[in-house]
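To keep things clear, I will list the structure first and then write my remarks on it.
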Amino acid sequence: MMYKTSILDEIKYFFKNKSVLSQLITINVIVFLVVNIIKLFYWLFQIKSNFFVLQLFAVPSSLHSLLFKPWTLFTYMFLHENFFHLFFNMIILYFAGKIFSEYLSNRKLINTYILGGIAGALFYIISYNIFPAFKDVVAYSVALGASASILAILVAIATYVPNYSVNLMFVGPIKLKYIAIIIVVLDILSISKGNPGGHLAHLGGALWGFFYIYKLKKGKDISVIIDYLKKIFYSFINYFKYKPKTKFKTKNKYSKGKERPLSDKEYNKRKAEKQKNIDAILDKISKSGYSSLSKKEKELLFKMSDKK
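Heads up: the sequence shown at position 81 corresponds to 70 in this note's numbering, and the numbers run straight through without jumps.
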């Protein structure tokens, strides 16, 4: 008997499976909920100051601001303020991520997400500091959202399996490479129409996705850079961890109950005496057997054999 699973059942299974893809989506959703709950408190208490979450975690285009908030190169890629921004990003991440996972590993998926996001942020920052069109907004512009990371994944898998066919509603089957090309072209054409920072970040992510697979097909996995970044991060954290000071007690050579060090002559003499006792015990064993030894002799034999 065949059972037809519903979309809801598939979603439940997807999140119960706890794959890298489901965890990425879960993190984005949780961050979105936290951000909007905080925003609600701002509204309820009529707090007029700048929303601190965006100030702390969205990546700024200003190099001066970035210098004091370098972590935003990472945090911005999980930060959404608008529901539809989150919704459409997670839909694309789900479908692109599932295809990616069919052909490449979970490690490559998370690395592409993170490095694509960083590439998108850097492309946005560089563009805003180079092109005169942004000189009036560079001081206060910020970027947020997972779009650059997601486009990196989409372009990466479209480069890896360009002829993979996807059935789109109202369109029908279309090759993955054409979907990626259309989205990239739309981003380029939309830069001057509104949200230029977002579109530039998308292009940075797309460039990373293409370059990553280009190198991967040549046998070089450049995503391992994330492993080096992890090592640097953990080394940085460990450096600032609290390290209890070890107290060293100075020992007085005349301390009560402590014997002074033996001289070479005394050490050799004591060693010779112990060896003499052991030889006598071994002779006794060879003549009368182990059972003939006294309790003291057995203890001495055991101690000496344990030290060897």
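Every residue, glycine too, gets a C-beta built ideally from N, C-alpha and C.
Would you mind giving the Cβ-Cβ distance between residue i and residue j, rounded to the nearest angstrom? I have them listed as a contact below 8 Å.
i	j	result
Val131	Gly198	Contact flag wrong, Cβ pair sits at about 23 Å.
Ser54	Tyr117	With 8 Å as the limit, Ser54 and Tyr117 do not qualify as a contact, their Cβ atoms being about 11 Å apart.
Lys58	Phe40	Contact flag wrong, Cβ pair sits at about 15 Å.
Leu140	Tyr153	Actually they do not touch by this definition, with Cβ atoms about 17 Å apart.
Asn78	Ser8	Not really, about 18 Å apart at Cβ, beyond 8 Å.
Tyr201	Thr101	6 Å
Ile215	Ile103	6 Å
Ser138	Gly106	4 Å
Mapping the DSSP letters down to three states, classify residue i as helix, strand or coil.
i	result
Val213	helix
Ala128	coil
Ser244	At Ser244, the pLDDT of 47 sits below 50, so the modelled position is not reliable; the number obtained from the coordinates is stated separately. Of the three classes helix, strand and coil, the one that applies to Ser244 here is coil, per DSSP.
Pro162	strand
Glu(-1)	helix
Leu205	helix
Ser185	In the sequence under discussion, the amino acid at residue 185 is Pro, which differs from the Ser named in the question. Correct three-state label for Pro185: helix.
Leu175	helix
Pro121	helix
Val155	strand
Val48	strand
Val9	helix
Phe73	helix
Phe34	coil
Lys285	helix
Met(-9)	Its pLDDT being 46, under 50, Met(-9) is placed unreliably by the model, and nothing is read from it.
Ile267	helix
Lys219	helix
Ala169	helix
Trp60	coil
Ser94	coil
Phe41	helix
Ile180	coil
Leu22	helix
Ala135	coil
Leu68	coil
Val144	helix
Out of the options, point me to the one whose CA is closest to residue i's CA.
i	options	result
Ile115	Tyr201, Phe89, Tyr149 and Gly186	Gly186
Ser90	Ser224, Ile146 and Asn156	Ile146
Phe84	Ile226, Val155, Gly208 and Val173	Val155
Leu196	Phe159, Leu93 and Leu111	Leu111
Tyr113	Leu133, Val48, Leu157 and Ala190	Ala190
Ile16	Ile81, Ile36 and His69	His69
Leu56	Ala128, Ile215 and Pro162	Ala128
Leu75	Leu33, Leu43, Pro121 and Ile14	Ile14
Phe3	Gly86, Asn78 and Ser136	Gly86
Val23	Val42, Ile103 and Ser38	Val42
Leu62	Gln44, Phe73, Asn71 and Phe72	Gln44
Asn95	Glu262, Ser212 and Gln35	Ser212
Phe73	Ile163, Leu52, Phe21 and Leu205	Phe21
Lys219	Ile99, Leu(-3) and Leu93	Ile99
Tyr149	Phe30, Lys5, Tyr92 and Ser277	Tyr92
Asn71	Ile36, Ile26 and Lys260	Ile26
At the level of alpha carbons, what is the spacing between residue i and residue j?
i	j	result
Lys287	Lys258	22 Å
Ala108	Trp60	14 Å
Ala269	Ser283	13 Å
Ser244	Gln264	Per-residue confidence for Ser244 stands at a pLDDT of 47, beneath the threshold of 50, marking its modelled position as unreliable; no derived number is given.
Lys97	Val126	35 Å
Ala47	Tyr65	5 Å
Ile170	Leu192	11 Å
Tyr203	Trp32	48 Å
Ile306	Gly194	Because the chain spans -10 through 297 in this model, residue 306 falls outside it and cannot be assessed.
Glu255	Phe225	52 Å
Ser281	Lys273	8 Å
Phe67	Val160	31 Å
Phe120	Ser181	12 Å
Leu133	Lys124	20 Å
Tyr228	Gln12	29 Å
Tyr167	Ile80	18 Å
Leu175	Ile0	30 Å
Ile163	Val173	16 Å
Lys206	Phe222	29 Å
Pro151	Leu52	37 Å
Leu289	Leu271	11 Å
Leu157	Lys209	33 Å
Val18	Asp(-2)	19 Å
Phe34	Ile88	45 Å
Taking only beta-carbon positions, decide if residue i is within less than 8 Å of chain D.
i	result
Lys37	No chain D is present in this structure, which holds just one protein chain.
Using only the heavy atoms of the ligand MN, determine whether one of them is closer than 7 Å to the beta carbon of residue i.
i	result
Leu218	Of the ligands one can find in the structure shown there are none, so the ligand MN has no counterpart to examine.
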